[in-house]
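In what follows, a structure is listed as structure tokens, so that the remarks can point back to it.
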Amino acid sequence: MIKENQVGLFFLGLFVAIGLAVSGYFIGQTLYNSKVALNTAEVKGLAERRVTADRVNWTIAYKVSGNNKEQIPRLYEQAEKHKETIKDLLKENGFTEDEIQLGVLSYEFFEYRDENQKLVDEAHRLTGTISVESNKVELVSKVRSNVNKLIAKGLDIENRPPLYHFTKLNEIKPNMLSEATKNARIAANEFAKNANVTVGGIRSARQGNFIVVDAGEQYGDSAKIEKDVRVVTTITFYLND
1 MIKENQVGLF
11 FLGLFVAIGL
21 AVSGYFIGQT
31 LYNSKVALNT
41 AEVKGLAERR
51 VTADRVNWTI
61 AYKVSGNNKE
71 QIPRLYEQAE
81 KHKETIKDLL
91 KENGFTEDEI
101 QLGVLSYEFF
111 EYRDENQKLV
121 DEAHRLTGTI
131 SVESNKVELV
141 SKVRSNVNKL
151 IAKGLDIENR
161 PPLYHFTKLN
171 EIKPNMLSEA
181 TKNARIAANE
191 FAKNANVTVG
201 GIRSARQGNF
211 IVVDAGEQYG
221 DSAKIEKDVR
231 VVTTITFYLN
241 D
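Read in full-length UniProt numbering, the sequence shown has 205 at position 205, and its numbers run on one by one without any break.
Next up, the structure:
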């Protein structure tokens, strides 16, 4: 009986010892993690760059209309002439065949009725588009003015705003990330100076998304030739006493 009690006491003591060791481990880990957190600083680094669009998409729409169905063949011929006139002007001003895409004609029919639902008029419309996709970004502004002159010749034209794109983001990403990291360290050094510590190595880093917007704007990325590119990195530095 005494022997059994001794064995029981032995295992009880063993479990208590293990429990203390385990609890001591977790307490030690908590203190260690707290110390790590206290000896780090999380800062953000911003990098910005002004860039110029290198690609442009520009669409010109043209329309011809008539008031009866019998006019459709004539409207088609007229639309084809408008298409060739616009295409020739684009080529004369520096755009190549490969940069010019010709869209298909679309047909629309409208009926106009009075309060008694009696047909009083109708309209038949053919609409076509010509698109330019090119890296001749600066040329578009000049040629747009020339296209507008076709209106004086009787062409019904919609000179749509060009869409400007910056496609070389991957080429500037490495330098911008380096700059953002450098700016983050500058911020960390300022914090460390006030806390009488020094900045050590990087514990962790998170890269934000690259944002491309029209120059000087908060939203929109295709209306202006000039663009602003931004990226923010979040970096945690070790701090040394």
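Even glycine gets a Cβ: it sits at the ideal position worked out from N, Cα and C.
For Ile100, the pairing in a beta bridge is given by DSSP as Val132. A distance of 8 Å or more separates the beta carbons of Val120 and Ala53. When the Cα atoms are used, Ala61 and Ile157 turn out to be separated by approximately 6 Å. Taken in chain order, the unbroken stretches of beta strand (DSSP E) that lie wholly in the segment 163–191 and span 3 residues or more are 163–165. Check the Cα spacing between Glu70 and each of Leu150, Phe109, Glu226 and Gly220: the tightest is with Phe109. The three-state secondary structure of Lys118, taken from DSSP, is coil. Per DSSP, the beta bridge partners of Phe109 are His124.
Distances from the CA of Leu155 to each of Thr127, Thr181 and Pro174 were compared; the closest alpha carbon is that of Thr127. Counting only the Cα atoms, Ala180 lies some 59 Å from Leu75. The C-alpha of Pro161 lies about 17 Å from the C-alpha of Glu217. The three-state reading of DSSP puts Glu92 in helix, counting H, G and I together. Counting along the chain, no alpha helix (DSSP H) covers Leu46; the unbroken beta strand (DSSP E) around it starts and ends at Thr40 to Thr52. A straight line joining the alpha-carbon of Lys142 with that of Ile72 spans about 34 Å.
Less than 8 Å separates the beta-carbon of Gln101 from that of Glu133. If you check the CB distance, Lys63 and Arg125 come in under 8 Å. For Glu226, the uninterrupted beta strand (DSSP E) segment begins and ends at Glu226 to Asn240. Judged by DSSP in its simplified three-state form, Asn68 adopts coil rather than helix or strand.
For Val197, there is no enclosing beta strand (DSSP E), as DSSP marks it with neither H nor E. Distance check between Glu226 and each of Tyr164, Glu111 and Asp114 places Tyr164 closest, using alpha-carbon atoms only.
Among the bridge pairs identified by DSSP, Ser204 is matched with Thr236. About 16 Å separates the beta carbons of Leu105 and Ala123, which is beyond the 8 Å limit, so they are not a contact pair. Annotation: Ser204 to Asp241 spans about 19 Å, alpha carbon to alpha carbon. Rounded to the nearest angstrom, the Cβ distance from Ala187 to Gly45 is 7 Å, consistent with a contact under 8 Å. A check of alpha carbon separations from Asn209 across Leu239, Arg230 and Leu150 identifies Arg230 as the nearest.
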